[in-house]
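Numbering (the working numbering), first residue to last: 103 to 207.
So this is what it looks like as structure tokens:
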């Protein structure tokens, strides 16, 4: 009878030990999932910040190109007012616009 009590005791200790190991693995798995989730959030925030910086840079470049283009077109229009060509067939005057656009990248 005494051996039976020891047998039941060791089986119950084994079940408790296996349960603790299972809880430990579940806890470790939950921590790993939480780390992956946090990493994906940080990664997406960094990606959004990178895209926002690139968009801001592109907006500044666009403004600079618009200013340069506006300046160049204004100069061309002012110069083109003086350029007049007389059509030989009809004898009418024609204003000729020459637009040279140079991009500096």
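In this text, a Cβ means the ideal position worked out from N, Cα and C, and glycines have one as well.
Query raised in the report: Expressed to the nearest angstrom, what Euclidean distance is found between the alpha-carbon atoms of residue 109 and residue 118?
Result: Taking the first residue of the chain shown as 1, we reach residue 109 at position 7. Taking the first residue of the chain shown as 1, we reach residue 118 at position 16. Whole-angstrom Cα-Cα distance: 14 Å.
Report task. Alpha carbon to alpha carbon, how far is residue 151 from residue 164? Give it in angstroms, no decimals. Result -> Here residue 164 corresponds to residue number 62 of the chain shown, with the count starting at 1. Here residue 151 corresponds to residue number 49 of the chain shown, with the count starting at 1. Each residue's Cα considered, the two are about 20 Å apart.
Query - residue 153 versus residue 138 - alpha carbon distance - result: For the purposes of this step, residue 153 is taken as the residue at position 51 of the chain shown. For the purposes of this step, residue 138 is taken as the residue at position 36 of the chain shown. If I take the Cα positions, the gap works out to 22 Å.
Requested in this report: Please report how far the alpha carbon of residue 145 lies from the alpha carbon of residue 135, in whole angstroms.
Outcome: As a first step, residue 145 must be located in the chain shown, where it is residue number 43. As a first step, residue 135 must be located in the chain shown, where it is residue number 33. Taking the straight line joining both Cα atoms gives about 15 Å.
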